[in-house]
Amino acid sequence: MTDRLITDLRKLMTSAPQLAINAAIAVSAIADGYVTRPSPLGPLFVAFNERGVSAVDLADSPADFEQRFNDLYGRVALPVDRLSAQIERHLDTAIATGKPGKLPLDFSGLTEFSAAVLRKTAEIPGGQVRPYGWVAREIGKPGAVRAVGSALARNPVPVVVPCHRVVRSDGHLGNYSLGDPDNKRLLLEIEGLDLVEYQSLSERGIRFTGSDTTSIFCHPTCHHARRTSPGHTIEFRSERSARSAGFRPCKVCRPAVMAA
Amino acid sequence: MTTTMTRPDLSTLAGDLAADLDGTFTAYVNATADGIFSGSLRMLGDRRDAEDVMQETYSRAYAALRGYSGERIRNLKVRGWTWTIAANLCRNRLRSRARKPTAPLGTLEVAATDAGTEDAALSEIGAILQSALLDLPFPQRAAVVLRHVLDLTYDDIAAALDRPVGTVKADVHRGLARLRRAYPEETIR
Numbered sequence: 001m002t003d004r005l006i007t008d009l010r011k012l013m014t015s016a017p018q019l020a021i022n023a024a025i026a027v028s029a030i031a032d033g034y035v036t037r038p039s040p041l042g043p044l045f046v047a048f049n050e051r052g053v054s055a056v057d058l059a060d061s062p063a064d065f066e067q068r069f070n071d072l073y074g075r076v077a078l079p080v081d082r083l084s085a086q087i088e089r090h091l092d093t094a095i096a097t098g099k100p101g102k103l104p105l106d107f108s109g110l111t112e113f114s115a116a117v118l119r120k121t122a123e124i125p126g127g128q129v130r131p132y133g134w135v136a137r138e139i140g141k142p143g144a145v146r147a148v149g150s151a152l153a154r155n156p157v158p159v160v161v162p163c164h165r166v167v168r169s170d171g172h173l174g175n176y177s178l179g180d181p182d183n184k185r186l187l188l189e190i191e192g193l194d195l196v197e198y199q200s201l202s203e204r205g206i207r208f209t210g211s212d213t214t215s216i217f218c219h220p221t222c223h224h225a226r227r228t229s230p231g232h233t234i235e236f237r238s239e240r241s242a243r244s245a246g247f248r249p250c251k252v253c254r255p256a257v258m259a260a
Numbered sequence: 261m262t263t264t265m266t267r268p269d270l271s272t273l274a275g276d277l278a279a280d281l282d283g284t285f286t287a288y289v290n291a292t293a294d295g296i297f298s299g300s301l302r303m304l305g306d307r308r309d310a311e312d313v314m315q316e317t318y319s320r321a322y323a324a325l326r327g328y329s330g331e332r333i334r335n336l337k338v339r340g341w342t343w344t345i346a347a348n349l350c351r352n353r354l355r356s357r358a359r360k361p362t363a364p365l366g367t368l369e370v371a372a373t374d375a376g377t378e379d380a381a382l383s384e385i386g387a388i389l390q391s392a393l394l395d396l397p398f399p400q401r402a403a404v405v406l407r408h409v410l411d412l413t414y415d416d417i418a419a420a421l422d423r424p425v426g427t428v429k430a431d432v433h434r435g436l437a438r439l440r441r442a443y444p445e446e447t448i449r
């Protein structure tokens, strides 16, 4: 007997949405999901997997991004329309502030050294810059300045790990890997850094500034340095000159080793 | 990228997954996703919830398969096994909805709007059946959906719902009887 109910129930079968299928495939090791998010540099492609955000990139088209992601990481990037709760909650803030905060990041493909460079870089506050040598010293590899530069050039998650805040000590901004090299300047200006002032100091050889009321010296862009009124600001070309003037390093921006 | 892939033969899927999990996972998802999505959608009545369940199902399936021996994977009845994960997630989702008194209101609203747009494809009788399914107790609803929407065998359903085959058959029978009552008068023969 043909049964109308049975026939009608069969018709309740439907197709899964392609973006949801992509998200299901992206739970595996062969694929990551990706979404796009607006940014001052244009739409950012943000890829992620079960470990966290794996890539942040600019590209002319989705196909460009997918190709580059596959070339770099050997996995497929599939467009999806959903993020894990943890990423959803923290992604937009991380992009807006240039600080990962609680956004989970996938550093599993990186060396321990590169991951340490990125974690340290993530501590630099918005609107401030630190030299490559500072990152090297802070992670306990003071001789590895060039290696810090290479690690930052391969930062898989620019913007949210703010490699744009690491610059050369001579005042040149140094390289930037995300799209146009001038994007580094653009991001720093958006964050409120007065680049003209910073670069004029650097070009005169000034590495640190201090306050004659506190006898503490800082990186020139440190929040504390910028609170010092111009009349009380002392400029230093080196750690040695600051110390011999009786100044000690700021505990927040740590321009030099704290040692006694 | 994955839309045009041919649906692979389910009978070789277990062997392929055992031999090369990562190489076969995409084919496995493509072969089973429509069923997992449709079944979850009919059990939950909410598209977004069904998508959530689907993603969580494959996330758990992948983690489980990575821990299984090749022999254990080869012996899996893939579709039924995937449903053991998905049915559990559907049941849990309904329970947590019931526990949070504010959630069902929001969910119902979403379900209503979604039904308006997505299930425009659903015929009038389809919409009546969907709503009648949601009125069934979960064991009957799940059994009817797995048997008659997805065409799973009673053995697979019994394994997926962790209930004896006899109980599942009785649930399907009772569920169908109640669905028949939902049909408009003139269609009853």
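Chains as they are written, first to last, in our numbering: chain A, 1 to 260; chain B, 261 to 449.
Just so you know, even glycine gets a beta-carbon here, dropped at the ideal spot from N, CA and C.
For residue i and residue j, what's the separation of their Cα atoms in angstroms?
i, j, result
"Ala151 (chain A)", "Asp71 (chain A)", "18 Å"
"Met258 (chain A)", "His219 (chain A)", "14 Å"
"Gly305 (chain B)", "Thr97 (chain A)", "39 Å"
"Gly283 (chain B)", "Leu325 (chain B)", "13 Å"
"Leu349 (chain B)", "Val159 (chain A)", "36 Å"
"Leu394 (chain B)", "Ile296 (chain B)", "17 Å"
"Lys184 (chain A)", "Leu173 (chain A)", "8 Å"
"Ala20 (chain A)", "Ile388 (chain B)", "26 Å"
"Thr427 (chain B)", "Asp92 (chain A)", "50 Å"
"Val196 (chain A)", "Glu189 (chain A)", "10 Å"
"Leu5 (chain A)", "Arg440 (chain B)", "7 Å"
"Ala47 (chain A)", "Cys250 (chain A)", "38 Å"
"Ala225 (chain A)", "Tyr328 (chain B)", "58 Å"
"His164 (chain A)", "Val76 (chain A)", "27 Å"
"Asp60 (chain A)", "Val405 (chain B)", "45 Å"
"Leu9 (chain A)", "Pro181 (chain A)", "59 Å"
"Val432 (chain B)", "Phe398 (chain B)", "11 Å"
"Gly205 (chain A)", "Arg119 (chain A)", "28 Å"
"Val167 (chain A)", "Trp134 (chain A)", "10 Å"
"Asp106 (chain A)", "Val129 (chain A)", "24 Å"
"Ala115 (chain A)", "Leu281 (chain B)", "29 Å"
"Asp170 (chain A)", "His232 (chain A)", "24 Å"
"Ser54 (chain A)", "Asp415 (chain B)", "42 Å"
"Val80 (chain A)", "Ala31 (chain A)", "11 Å"
"Glu311 (chain B)", "Ile333 (chain B)", "25 Å"
"Ala279 (chain B)", "Ser28 (chain A)", "16 Å"
"Thr121 (chain A)", "Arg82 (chain A)", "29 Å"
"Arg254 (chain A)", "Phe69 (chain A)", "36 Å"
"Val56 (chain A)", "Val252 (chain A)", "29 Å"
"Arg237 (chain A)", "Cys222 (chain A)", "16 Å"
Can you list the residues of chain B that residue i reaches, using a CB-CB cut of under 8 Å?
i, result
"Ala20 (chain A)", "Ala293, Phe297, Glu311, Met314, Gln315"
Can you name the residues of chain A whose CB is closer than 9 Å to the CB of residue i?
i, result
"Asn290 (chain B)", "Ile21, Ile25"
"Phe285 (chain B)", "Ile25, Val27, Ser28, Ala29, Ile30, Ala31"
"Leu389 (chain B)", "Leu5, Asp8, Leu9, Lys11, Leu12"
"Arg401 (chain B)", "Here the premise fails: no neighbours, minimum Cβ distance about 12 Å."
"Ser329 (chain B)", "Within chain A, no residue comes near Ser329 (chain B); the closest Cβ sits about 18 Å away, beyond 9 Å."
Using 10 angstroms around the beta-carbon of residue i, count the other beta-carbons present and answer buried if the total reaches 16, otherwise exposed.
i, result
"Arg154 (chain A)", "exposed"
"Glu138 (chain A)", "buried"
"Ala263 (chain A)", "Because chain A spans 1 through 260 in this model, residue 263 (chain A) falls outside it and cannot be assessed."
"Leu207 (chain A)", "In the sequence as presented, Leu is not what sits at residue 207 (chain A); that position holds Arg. Per the 10 Å Cβ criterion, buried."
"Asn335 (chain B)", "exposed"
"Asn22 (chain A)", "buried"
"Pro162 (chain A)", "buried"
"Asn352 (chain B)", "exposed"
"Thr342 (chain B)", "buried"
"Ala339 (chain B)", "The residue you asked about is not Ala; residue 339 (chain B) is Arg in the sequence shown. It counts as buried."
"Asn175 (chain A)", "exposed"
"Glu123 (chain A)", "exposed"
"Ser202 (chain A)", "buried"
"Glu112 (chain A)", "exposed"
Which whole-angstrom value is the C-beta distance of residue i and residue j, which I expect to be below 8 Å?
i, j, result
"Gly33 (chain A)", "Leu103 (chain A)", "About 15 Å separates the two Cβ atoms, so there is no contact after all."
"Gly210 (chain A)", "Ala242 (chain A)", "6 Å"
"Ala24 (chain A)", "Met314 (chain B)", "6 Å"
"Arg410 (chain B)", "Gly299 (chain B)", "It should be noted that the sequence gives Leu, not Arg, for residue 410 (chain B). Contact holds; Cβ gap of about 5 Å."
What residues from chain B crowd round residue i, counting only those whose CB sits closer than 7 Å?
i, result
"Arg89 (chain A)", "Per Cβ cutoff of 7 Å: no residues; Arg89 (chain A) is ~16 Å from chain B at best."
Listing by chain order, which chain B residues have their CB less than 9 Å from the CB of residue i?
i, result
"Arg37 (chain A)", "Those do not exist, as Arg37 (chain A) stays about 20 Å from chain B at its closest Cβ, beyond 9 Å."
"Glu189 (chain A)", "None at all; the shortest Cβ gap to chain B is about 38 Å."
Would you say residue i reaches chain D, if we count a Cβ-Cβ gap shorter than 8 Å as a contact?
i, result
"Leu301 (chain B)", "In the displayed structure, chain D is absent; the protein chains listed are A and B."
Which chain A residues are close to residue i, counting only those with a beta carbon under 8 Å from its beta carbon?
i, result
"Gly386 (chain B)", "Asp8, Lys11, Leu12"
"Arg441 (chain B)", "Ordered by position in chain A, no residue passes the 8 Å Cβ test against Arg441 (chain B), which lies about 11 Å from the chain."
"Asp282 (chain B)", "Ser28, Ala29, Ile30"
Against residue i, what residues of chain A qualify as contacts under a CB-to-CB distance less than 7 Å, listed in chain order?
i, result
"Leu436 (chain B)", "Leu5"
"Ser271 (chain B)", "Neighbours of Ser271 (chain B) on chain A: none; closest Cβ ~20 Å, over 7 Å."
Compile a chain-ordered list of the residues in the stretch 2-17 of chain A whose CB is closer than 8 Å to at least one CB of chain B. Answer set for the stretch 2-17 of chain A: Arg4, Leu5, Ile6, Asp8, Leu9, Arg10, Lys11, Leu12, Met13, Thr14, Ser15, Ala16, Pro17.
Check each residue of the stretch 407-431 of chain B: if its Cβ is closer than 8 Å to any Cβ of chain A, include it; give the result in chain order. Answer set for the stretch 407-431 of chain B: His408, Val409, Leu410, Asp411.
Taking Cβ-Cβ distances below 7 Å as the criterion, which residues of the stretch 333-364 of chain B are in contact with chain A? Cβ contacts with chain A: none found.
Given a limit of 8 Å on CB to CB distance, which residues of the stretch 49-60 of chain A reach chain B? Going along the stretch 49-60 of chain A in chain order, one finds Glu50 with a Cβ nearer than 8 Å to chain B.
Selection of the stretch 70-88 of chain A by Cβ proximity to chain B, strictly under 8 Å: Taken in chain order, the members of the stretch 70-88 of chain A whose beta-carbon sits within less than 8 Å of a beta-carbon on chain B are Val76, Leu78, Arg82.
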